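In this note's numbering, the protein residues as written are 5 to 341. We put the beta carbon where it would ideally sit given N, CA and C, even for glycine. Remember, predicted model here, so these are calculated numbers, not experimental data.
Now the structure itself:
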C-alpha cells in the first residue's frame, strides 16, 4: 500500500511538472508569435523598371518564408526623384513600420532620413546601392552586388571583345547613383590598367533616368564619335536607349555594346547579335536577402554589415546555360501578385 501511494504521489508530481511545462510552452509560443508580427517597408529607387520588379519578387519570396512578416512595397516612379523617395522613407517611419529596406537613389541625399529612421528605432537595411554613412551605426547592413568588381568584370569583357584596342564611349547613368558610379569607375580603371590601347573618347555624359533621355544622349554621342567601336552603359534604361539608337541608325551589331542588367528586349538584342555581353546581378536574391537580414536583426540575431550577392557575365555563347537563363529571365510570376 505504501508503494502504491508512493507511485501515485510521484505520478501526481510528474503530472504537475508536465502541466507547468506545457503552460510555459504555450506562453513561449504566444510570445514568439507576437515577436514575429513585423511590417517591413521595402523602398526601391523606382517602381517602373524591370530590375525593381525582380527585387520586389525577392522581397515577397522572403515574406512567404517568414511567418508573421508583411512586406510593404512603396517607392518613387522615377530614379531621379530624390524628394519623393525621402518622403516615402519619412512616411513609412511615421506609419510605424518595424523596419525599412531601402535602395537609396542618391548616396548623399538619403543619408539624413536614414539616420533619422534609425534614431526613431526603425532599423534600416540598405540594398543595391550604397549610402555615404557608417554601416552598423547609421544603418544595419548593406546587401548588394560588389559593383566596382562587377564593373571590372565588364571592363575585362569589353577589352577582350575589342582585342585590346579601339574607341569606347562610357555613357554614365545618374549623378548620385552609387551603384552605377561604382560600375563605371570599375570599368574605367580596368580598361586603363589592362588595355592601354583602348581609347575612352567620352566618359562624362549622363544618360538620365529614362530610356528616352538615354536615347537622346546616345544619339548625340554616336553622331559626335561616328568611328566608335564600343559603348558601355551601366544599367538597363541607358543600355536599351543605346540599343535603340544603334538599331534605328542601322549600326546594331557593328558597334559593340555591353552593359548591366536584363529585360526581354535586351535578351532579344543579345540573341540577335546586337548586344555582346551583359553583366548580370541577382536582384531577386538582393530583395530576398535584404528582407531576411532585416528580420534577423529585428529578432535579435547578429547580421553581417556587408553581404555580396554576386555578379555573372552573359554572352551569346553561354546565355542558354541554366544559371544564366535564370538570371536573364527571372521567375517573377512565382512571387509577384
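| Who are the Cβ neighbours of residue 182 in its own chain at under 6 Å, not counting the five residues just before and after it? | 111, 133 and 134
| request: Under 8 Å Cβ to Cβ from residue 269, same chain only, skipping five residues before and after it: list those, please. | output: 244 and 247
| task | Tell me whether residue 57 is buried or exposed, calling it buried when 16 or more other Cβ atoms sit within 10 Å of its Cβ. | result | buried
| request: With DSSP collapsed to three states, give me the class of residue 41. | output: coil
| message | Contact defined as beta carbons within less than 8 Å: I believe residue 146 pairs with residue 310. What is the distance between those atoms, to the nearest angstrom? | response | 5 Å
| query | Helix, strand or coil for residue 133 per DSSP? | reply | coil
| Sufficient close CB pairs (3 or more, under 8 Å) joining the region 43-55 to the region 79-93 | yes
| field | Exposure label - residue 345; buried when at least 16 CB within 10 Å | value | The question about residue 345 has no answer here: the residues shown for the chain are numbered 5 through 341.
| said: I'd like the list of long-range same chain contacts for residue 63, defined as Cβ closer than 6 Å, with 5 residues on each side in sequence excluded. | reply: 46, 75, 291 and 295
| request: Check residue 229 in the structure and name its three-state DSSP category. | output: coil
| request: List in chain order: all unbroken alpha helix (DSSP H) runs of 4+ residues lying wholly within the region 97-158. | output: 115-123
| query | Would you call the CB atoms of residue 272 and residue 251 closer than 8 Å? | reply | no
| said: Looking at residue 221: is its Cβ nearer than 8 Å to the Cβ of residue 237? | reply: no
| query | Apart from the five residues just before and just after residue 323, which ones in its own chain have a Cβ nearer than 8 Å to its Cβ? | reply | 271, 274, 275, 329 and 332
| Nearest to residue 71 by alpha carbon, out of 52, 44, 143 and 59? | 44
| field | residue 328 - DSSP class collapsed to helix/strand/coil | value | helix
| field | At least 3 beta-carbon pairs within less than 8 Å: the region 159-174 vs the region 187-201 | value | yes
| task | Tell me whether the beta-carbon of residue 159 lies closer than 8 Å to the beta-carbon of residue 194. | result | yes
| Bridge partners of residue 234, per DSSP? | 172 and 260
| field | Cutoff 7 Å; reference residue 339; Cβ partners in own chain excluding five residues on either side | value | 61, 64 and 65
| task | Quick one: residues in its chain with C-beta nearer than 7 Å to the C-beta of residue 336, no 5 flanking neighbours on either side, listed in chain order? | result | 57, 58 and 61
| request: May I ask you to list the residues that DSSP assigns as paired with residue 76? | output: 45
| task | On the DSSP bridge assignment, give the partners of residue 209 in chain order. | result | 175
| request: Could you tell me the boundaries of the beta strand (DSSP E) in which residue 281 lies? | output: 281-284
| said: I'd like to check one pair, residue 109 with residue 73: are the Cβ atoms closer than 8 Å? | reply: no
| Taking just the CA atoms, how far does residue 254 sit from residue 115? | 44 Å
| Spatial neighbours of residue 186 in its chain, beta-carbon cut-off 7 Å, leaving aside the 5 residues before and after | 151, 152 and 155
| query | How about residue 430 and residue 206: do their beta carbons lie closer than 8 Å? | reply | One cannot answer for residue 430 here, as it falls past the ends of the chain, which runs 5 to 341.
| task | For the beta strand (DSSP E) containing residue 66, list its first residue and its last residue. | result | Where residue 66 is concerned, there is no enclosing beta strand (DSSP E), although the alpha helix (DSSP H) it sits in stretches over 54-69.
| Residue(s) in a DSSP beta bridge with residue 203 | 171
| query | How about residue 192 and residue 173: do their beta carbons lie closer than 8 Å? | reply | no
| request: Grab me the residues of residue 213's own chain with a C-beta within less than 7 Å of its C-beta, minus the 5 sequence neighbours each way, in chain order. | output: 82, 83, 84, 178 and 241
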